[in-house]
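Visitor: To start, I am sharing the structure in question, which I have written as structure tokens.
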Amino acid sequence: MDEFLVNQTTPGNQSQPSVAGFRGTQFVAVWEDHSGETIKGRLFGVNGAPSDNEFTVNFPAPPGTKRQMPKVIETDQGFVVAWIERPPSGPAQLKLRTFDQDSLSGPESVVSTAEPELLIRPAMSRLADRGFAVVWADKRANERIRLQRFSLDGAKNGNELRANTTPGLHREPMVAGLTNGNIAVGWRARITGPLHLRLQILGPKGPVGGELIPNIEITDANMAPLDSGQFAIAHIRSAGDGEPGFETTVTQASVFEASGAFARRFPGTSATRILSSWPAIAPLSGGRFLVAWTEVNVDTPAAGTNVGARILSAQGPLGQAIRVNTQTGGNRFSLSAATTSGPDGDTAFFVWNDDTKTSADQSGQAVKGRMLTIPAKGF
4 MDEFLVNQTT PGNQSQPSVA GFRGTQFVAV WEDHSGETIK GRLFGVNGAP SDNEFTVNFP
64 APPGTKRQMP KVIETDQGFV VAWIERPPSG PAQLKLRTFD QDSLSGPESV VSTAEPELLI
124 RPAMSRLADR GFAVVWADKR ANERIRLQRF SLDGAKNGNE LRANTTPGLH REPMVAGLTN
184 GNIAVGWRAR ITGPLHLRLQ ILGPKGPVGG ELIPNIEITD ANMAPLDSGQ FAIAHIRSAG
244 DGEPGFETTV TQASVFEASG AFARRFPGTS ATRILSSWPA IAPLSGGRFL VAWTEVNVDT
304 PAAGTNVGAR ILSAQGPLGQ AIRVNTQTGG NRFSLSAATT SGPDGDTAFF VWNDDTKTSA
364 DQSGQAVKGR MLTIPAKGF
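Quick note: the sequence shown uses my numbering, first residue 4, plus one each step.
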């Protein structure tokens, strides 16, 4: 199956896509529609065919309201979408809206109690108690990485709490609901020295121990829980401003025990002459997981950006790294990936922003996607 256009609305840019599996037979993709400053969504079958027309996720609001950085996950009752909303006056808010298995929606609700960072996407994960958790970056350096639990019905479950204990302008919030009932929260710490990964394990009554510092330098990262009880992080270490020695970068996958202890790390690809960006990760059955990224060959940058992917397990890579996009040239970015398991096996859906104007969307950035069947032993 070749790549295809996800969005139907074509005026203006369509950007910042996120995707989640849904009921084992579908996927739901969401993105920002700049033409109306709204969050749009659309359902697709695992065969790549759209289930219906695109829909607006958010409720109407006063003119001048802007919405951005959407995130979607599957829940036990359906799916939930979170986004950052900026009203014409007053502080920004982190909002969410739940949808049931028939795609009927609930009300909008405000997640954050203080203003979030506008340009940092929130993260979400299902929990063992059938609820879900949202993490985000607060504008306050001493209250930076925040978490709120939600019950199955989308109601807040307990108070909002701070995950980080060391102040700093941290970014890249990540979360994974673990099989033992705990929650792993991660972020890119900005304190002194290189940007690096920090973790905090949270139990039902609060933190389990202190902040963990695995000695992994990162600039971009994403996290996923594994059915083995572990969790994994796809991450990239890119050069800072004026920093030498990073002509090439490769997406890495690090596996952690439920305690947060580092287990092992693997490269996503053996390619040596690439610059990687936009790491994405999605869980699979049997302790496996899917890692994806964008890459550009440093020797032929004019050839454009491609989307790469590979299946891994806690023991190492499975099969080969593949190119996901079927068209070439131009730039691909803002990558998201999800998996779902149904009667026909495991399927992955990759979505990304595309500026090639090779589809029906000729007005600016489009959202493209591709479905792939997941072989048991890798691509």
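Every residue gets a Cβ at the ideal spot worked out from N, C-alpha and C, and that includes glycine.
Nearest-angstrom Cα distance between isoleucine 239 and leucine 122?
Guide: Taking the straight line from one Cα to the other gives about 19 angstroms.
Visitor: Is the number of C-beta pairs between the stretch 307-314 and the stretch 331-338 that are closer than 8 angstroms three or more?
Guide: The answer is yes - the stretch 331-338 touches the stretch 307-314, with three or more Cβ pairs under 8 angstroms.
Visitor: I'd like to check one pair, phenylalanine 292 with valine 327: are the Cβ atoms closer than 8 angstroms?
Guide: In this structure, phenylalanine 292 does not lie closer than 8 angstroms to valine 327 by Cβ.
Visitor: Indicate whether the contact test is met: 3 or more Cβ pairs, each with one atom in the stretch 203-212 and one in the stretch 278-298, closer than 8 angstroms.
Guide: Result no; under three Cβ-Cβ pairs closer than 8 angstroms.
Visitor: By alpha-carbon positions, which one of Glu118, Asn356, Leu200 and Phe62 ends up nearest to glutamate 111?
Guide: When only C-alpha atoms are compared, the closest one is Phe62.
Visitor: Evaluate lysine 1 with the Cβ neighbour count: other Cβ atoms within 10 Å of its Cβ, from every protein chain shown; 16 or more gives buried, anything less gives exposed.
Guide: No answer is possible for residue 1: it lies beyond the span of the chain, which begins at 4 and ends at 382.
Visitor: Specify the secondary structure class of alanine 306 as computed by DSSP and reduced to three states.
Guide: In this structure, alanine 306 counts as helix in the three-state DSSP scheme.
Visitor: Between the C-alpha atoms of arginine 267 and arginine 165, what's the straight-line distance to the nearest angstrom?
Guide: Computed Cα separation, rounded: 28 angstroms.
Visitor: DSSP state of asparagine 328, grouped into three classes?
Guide: Three-state DSSP puts asparagine 328 in coil, outside helix and strand.
Visitor: Near alanine 144, which residues of its chain fall below 7 angstroms by C-beta distance, leaving aside the five closest residues on each side in sequence?
Guide: Taken in chain order, the residues that qualify are Pro170, Gly171 and Leu172.
Visitor: Within this structure, are the beta carbons of valine 83 and glycine 157 separated by less than 8 angstroms?
Guide: In this structure, glycine 157 lies closer than 8 angstroms to valine 83 by Cβ.
Visitor: Taking the CB atoms as reference points, tell me whether proline 119 and alanine 179 lie closer together than 8 angstroms.
Guide: The answer is no: Cβ separation not under 8 angstroms.
Visitor: By the three-class DSSP mapping on this structure, what secondary structure does glutamate 163 have?
Guide: Glutamate 163 falls in the coil class under three-state DSSP.
Visitor: Quick check on the burial criterion: 16 or more other C-beta atoms within 10 angstroms. Buried or exposed for arginine 128?
Guide: It is worth fixing the name first, because residue 128 is serine in this sequence and not arginine. Serine 128 is buried by the Cβ-count criterion.
Visitor: Is DSSP giving alanine 144 helix, strand or coil here?
Guide: In the structure shown, alanine 144 sits in a helix (DSSP, three-state: H, G or I).
Visitor: Let's see if you can read the secondary structure: which residues bound the beta strand (DSSP E) around glutamine 71?
Guide: Where glutamine 71 is concerned, the enclosing beta strand (DSSP E) stretches over 69-77.
Visitor: Starting from the Cα of glycine 153, find the closest Cα among Gly196, Thr101 and Gly48 and give me that residue.
Guide: One point to set straight first is that residue 153 is phenylalanine, not glycine, in the sequence displayed. Nearest C-alpha to phenylalanine 153: Thr101.
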